[in-house]
Amino acid sequence: MEKPALHKPVMVDEVLEFLSPRRGDKVLDATIGCGGHAESILQRIQPSGILVGIDRDQSSLKIAKERLKDFDKLCRFAHANFSGLDAVLSDLGMDAIDAALFDLGISSFQLDDPLRGFSFEKDGVLDMRMDPSESTRASDLVNRLSRDELAGIIRDFGEERYAGRIAAAIVERRKKEPIKTTVDLAGIVKRAVGRKYAGQRLHPATRTFQGIRIALNRELENIETAMDKITGFLGAGGRLCVISFHSLEDRIIKNKFREFEKMGLGNIMTKKPVRPADNETETNPRSRSAKLRAFTVLGRQG
Ligand SMILES: C[S@@+](CC[C@H](N)C(=O)[O-])C[C@H]1O[C@@H](n2cnc3c(N)ncnc32)[C@H](O)[C@@H]1O
54 MEKPALHKPV MVDEVLEFLS PRRGDKVLDA TIGCGGHAES ILQRIQPSGI LVGIDRDQSS
114 LKIAKERLKD FDKLCRFAHA NFSGLDAVLS DLGMDAIDAA LFDLGISSFQ LDDPLRGFSF
174 EKDGVLDMRM DPSESTRASD LVNRLSRDEL AGIIRDFGEE RYAGRIAAAI VERRKKEPIK
234 TTVDLAGIVK RAVGRKYAGQ RLHPATRTFQ GIRIALNREL ENIETAMDKI TGFLGAGGRL
294 CVISFHSLED RIIKNKFREF EKMGLGNIMT KKPVRPADNE TETNPRSRSA KLRAFTVLGR
354 QG
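Each number in our numbering corresponds to the 1-based position in the sequence shown with 53 added.
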């Protein structure tokens with residue numbers, strides 16, 4: 054089987070500008086993925102400093118470790134959910150860091166692998182676990198939740214206006230046999246609401262897949278928890294950068310940063326989210342929906 058290509062990191066220059074990693078800094082990459090951003094950060098903090106790289110996905114961590122082996126003295130890797138970043142940092146004996154990056158969602162390495170079941174364009178098992186060591190798969194939600202629960206997930210996390218109709222079609226179909234594959238689910242959605250999407254660029258299953266993925270992996274809860282914890286580790290002058298890929302994530306970040314500012318913790322560095330430049334979206338279409346927001350903790354030293 055063809056190996057999925059490595060993920061191309063988005064807005065690297067912009068991340069470096071706002072994160073401004075310097076020689077000797079301690080930096081948390083809370084979503085290290087294939088290590089693309091981490092590599093650029095390490096080039097700035099070397100020859101000393103520490104980069105802590107967290108990921109929920111062991112196979113991504115393995116790739117990051119291999120990619121960053123030239124910097125291995127500076128790297129600390131953790132297979133963890135970033136909602137537990139406090140435990141990861143404490144275990145490493147770190148009570149303060151200079152900068153933190155969250156590049157949310159999944160990587161193209163994960164999306165392109167049919168065995169992971171994230172994409173309706175690849176025929177694969179309906180899995181969608183960011184951390185494959187967890188036990189519940191997307192197929193469990195799709196085959197077990199009630200119609201109302203499914204409709205709620207698809208509406209709230211997928212922002213799908215035809216959620217009720219899609220949930221009804223899922224429940225109808227699973228009476229015959231369980232829904233097992235990505236292509237199965239995409240077909241059910243397409244038959245249920247395909248006509249409503251006629252003439253649109255968006256595939257009819259896009260929002261349903263997003264909703265199920267977010268619910269299964271508790272993505273929004275994890276982001277909220279991590280944001281509440283991270284400021285406790287950023288000392289005076291600390292920088293926090295978050296890249297989000299859809300409006301639900303971005304809204305949480307926008308509101309959290311406002312809350313931090315109101316609490317007097319520091320300043321929002323991006324009055325509006327920063328978007329990738331045209332030449333980046335041309336060469337990496339997946340960067341199109343990316344939005345970068347940055348915050349700096351009060352008392353930054355020059
Ligand atoms: C967009 S990719 C990051 C790509 C990375 N910046 C790079 O340059 O290769 C997002 C990564 O975050 C991980 N991830 C998502 N949510 C997570 C969470 N709650 N805790 C830890 N890792 C998470 C995913 O498994 C994925 O590898």
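Idealized CB from N, CA, C, for every residue including glycine.
- For GLU314, the closest C-alpha among the options ARG341, VAL350, ASP303 and GLU333 is that of VAL350.
- Secondary structure of PHE348 (DSSP, three-state): strand.
- A Cβ-Cβ distance of about 11 Å is found for the pair GLY88 and ASP156, leaving them out of contact under the 8 Å criterion.
- One alpha carbon belongs to ILE206, the other to ASP184, and they sit about 20 Å apart.
- The shortest C-alpha to C-alpha distance from PRO100 to any of ASP108, LYS126 and THR84 is the one to LYS126.
- A straight-line Cα-Cα distance of about 32 Å links ALA91 and THR261.
- Taking C-beta atoms as the reference points, ILE107 and ARG76 fail to come closer than 8 Å.
- When Cβ pairs closer than 8 Å are counted between the two stretches, the segment 292–309 is seen not to touch the segment 167–177, the count staying below three.
- Within the segment 164–214, not a single complete beta strand (DSSP E) segment reaches 3 residues in length.
- By the Cβ rule, the segment 278–294 counts as touching the segment 147–154, because three or more pairs are nearer than 8 Å.
- Our two residues, ILE116 and ALA251, have alpha carbons roughly 40 Å apart in a direct line.
- Under DSSP, PHE155 takes part in a beta bridge, and its partners are VAL295.
- Rounded to whole angstroms, the separation of the alpha carbons of ARG218 and ILE296 is 32 Å.
- For GLN263 and GLY211, the gap between their C-alpha atoms comes out near 5 Å.
- Judged by DSSP secondary structure, GLY102 falls outside any alpha helix (DSSP H); it is assigned neither H nor E.
- The nearest non-hydrogen atom of ligand 1 is 7 Å or more from the C-beta of ASP139.
- Per DSSP, the continuous beta strand (DSSP E) segment holding ARG129 begins and ends at 128–132.
- Annotated as distal: LEU198 and LYS233, with beta-carbon spacing of 8 Å or more.
- Setting aside the 5 residues that flank it on each side, LYS79 is surrounded in the same chain by ILE103, ILE150 and ASP151, each with a C-beta closer than 6 Å to its C-beta; the list follows chain order.
- GLU274 is positioned such that its CB atom lies no closer than 8 Å to that of MET64.
- Set against 7 Å, the gap from the CB of CYS87 to the closest heavy atom of ligand 1 is smaller.
- Boundaries of the beta strand (DSSP E) harbouring LEU81: 79–82, taken from the DSSP string.
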